[in-house]
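Asker: Using the numbering used here, read the sequence shown as starting at -4 and increasing by one per residue.
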Amino acid sequence: MVNPVILEKEVIEYKEPEPIIEEEILEKNLQPIDMNYDIMVKTNLTKEDLVRTLGGIRQGIEPYLDAIVEAEKVYGINSLYLTAALGYESGWGEYESGYNNISGWVIDGQFYNFNSRYECIMTTAAGLVNDFVPDTGTNIVNVANRYCQDYGYLDTLLQIMSELQNNL
């Protein structure tokens, strides 16, 4: 017969777990899509929300939604507006106007070349806030008319924004 080995049991003291601090969940802030739309009212949409706005199509812009959400946090530019404008300008990420330029951003009459599409998005957001808003205000009509003078641009942009918002 083998002698059993008796091990001493270690006493484990119970400790209350540290509370999990979750990132604050901000309430979504959606405006009516109309001529009074303010491009500087934050939506508080997440990347997942913006993916949903794309409605299973328009996925070409999806890789850049993190940058769009970041642009709203950093510069205060409305992420729904920015998603619609960038999508419209780039054919939903399919086309560039200059290297990595999905916003159609022009400096001194020339399409600007960016090192990355992230840089394009952040530069466009900063430019809208620092160059457009002081001159035009935050109303989408004034901003859109300065951004692109093409006939129907504003109406198409508002239609795209409505479609995106309806997918939420």
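Using N, Cα and C, we set each Cβ at its ideal position, and we do this for glycine too. If you're wondering where the values come from, they're calculated on a predicted model, not measured in any experiment.
Determine the burial state of Arg141: buried for a count of at least 16 other Cβ atoms within 10 Å of its Cβ, exposed for fewer.
Answerer: exposed
Asker: Check for me: the alpha helix (DSSP H) holding Thr119 runs from which residue to which?
Answerer: 112 to 122
Asker: Do you know whose CA, among Val136, Tyr70, Arg47, lies nearest Tyr148's CA?
Answerer: Val136
Asker: Looking at the strands, I want to know which residues DSSP matches up with Val101.
Answerer: Phe106
Asker: Using DSSP with H/G/I as helix, E/B as strand and the rest coil, what is Asp179?
Answerer: Outside the shown range of the chain, which is -4 to 163, sits residue 179, and nothing can be said about it.
Asker: Over what stretch of residues does the alpha helix (DSSP H) that includes Gly82 continue unbroken?
Answerer: 74 to 85
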